[in-house]
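Protein chains in written order, with the numbering used here: chain A, 916 to 1074; chain B, 916 to 1074. The structure appears below as structure tokens.
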């Protein structure tokens, strides 16, 4: 591997380790346990899980892997706080959505060369990218890895 | 910048963004507010802050930046759970320790070339590194970034 391939592999591995932790944490919880709050009056596990799926789904167009697969998640899990939307997907449905989005992202990751990882993501203009070449695909991956870890730390408190 | 320099810069920026969030969150809290629990019966803010400082201090030898500066933190913040050690550093002392360790790490980061980032960290043997070249300095940085974000998500709940 070249140095840049090694570095990219490290970043994808850190992402994958966090997705594996998330999957292990959330799947297998039934609807009742998914209703547990991470702290009194704070987000429920079901909200954090749906939120992660929605944020990860939005990475697909951002990284140039194709259109959103589940934009319908945004109303309950991105644009609203927990409890604003009454009907949420079941535990089984969330597991299915998680695996679908995670699989699409992993396929996308595998398709990229190291040079493509440092190309701009789709939410930055050509001019903006000239000013700040760190607005690239890899920065999105690293940022969303931190985001996932942030909410995993919270979710762990409800178990 | 070469692609590998850009990728390293992205990783260091994600680390730095998280350290800035941590500093903004913890500094300015007095001893009373640092005693807040992230959830009933769970870790207090003071423990999470000291824990992050101890983990970051341990990165110095791991990345080859020199010896530990504050191994005395381990008893209260690494080897024990919260409340096992009665006397903890004051808020002012923790801020001073945070800044010292953070400064030493940032100086170390700046000293490394991209090629040095993919060299093995000091806790892996030459043979182990041949088997798994992802056990390098950059993997340590990415892993500790996730670790910090994990606890930041928890700390945020106490504010």
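Think of the CB as a built atom: it goes at the ideal place given N, C-alpha and C, for glycine as much as any other residue.
Partners in chain B for residue i, counting only beta-carbon separations shorter than 7 angstroms
i	result
residue 1057(A)	925, 926 and 929
Residues sharing a beta bridge with residue i, DSSP
i	result
residue 959(A)	952(A)
residue 1051(A)	1035(A)
Beta carbon of residue i nearer than 8 angstroms to that of residue j
i	j	result
residue 963(A)	residue 1069(A)	yes
residue 997(A)	residue 985(A)	no
residue 1023(A)	residue 980(A)	yes
residue 1051(A)	residue 917(B)	no
residue 954(B)	residue 937(A)	no
residue 993(B)	residue 1036(B)	no
residue 1047(A)	residue 929(B)	no
residue 931(A)	residue 1010(A)	no
residue 974(B)	residue 1020(B)	yes
residue 1049(A)	residue 924(B)	yes
residue 933(B)	residue 1054(B)	no
residue 1061(B)	residue 946(A)	no
residue 1056(A)	residue 926(A)	yes
residue 990(A)	residue 1000(A)	yes
residue 1073(B)	residue 951(B)	yes
residue 919(A)	residue 935(B)	no
Distance cut-off 7 angstroms: residue i Cβ against heavy atoms of the ligand MN
i	result
residue 1015(A)	As for the ligand MN, it is missing from this structure, which has no ligand bound.
Residue i: contacting residues in chain B (beta-carbon distance under 8 angstroms)
i	result
residue 922(A)	919, 922, 923, 926, 1029, 1032, 1033 and 1053
Where residue i meets chain A, residues with beta-carbon distance less than 7 angstroms
i	result
residue 1069(B)	1068, 1069 and 1072
residue 1061(B)	929, 933, 1060, 1061 and 1064
Chain B residues whose Cβ lies nearer than 9 angstroms to that of residue i
i	result
residue 959(A)	Result: empty, since nearest Cβ-Cβ is about 13 angstroms, beyond 9 angstroms.
What are the residues in the segment 926-938 of chain A lying within 7 angstroms of chain B by C-beta distance? 926, 928, 929 and 933
At least 3 beta-carbon pairs within less than 8 angstroms: the segment 950-960 of chain A vs the segment 1005-1014 of chain A: no
Report the residues of the segment 1029-1052 of chain B with a CB closer than 9 angstroms to any CB of chain A, ordered along the chain. 1029, 1030, 1032, 1033, 1048, 1049 and 1051
Does the segment 1019-1034 of chain B come within contact of the segment 1025-1035 of chain A, defined as at least 3 CB pairs closer than 8 angstroms? no
Which residues, taken in chain order from the segment 951-984 of chain A, show a beta carbon closer than 8 angstroms to some beta carbon of chain B? 953, 954, 955 and 957
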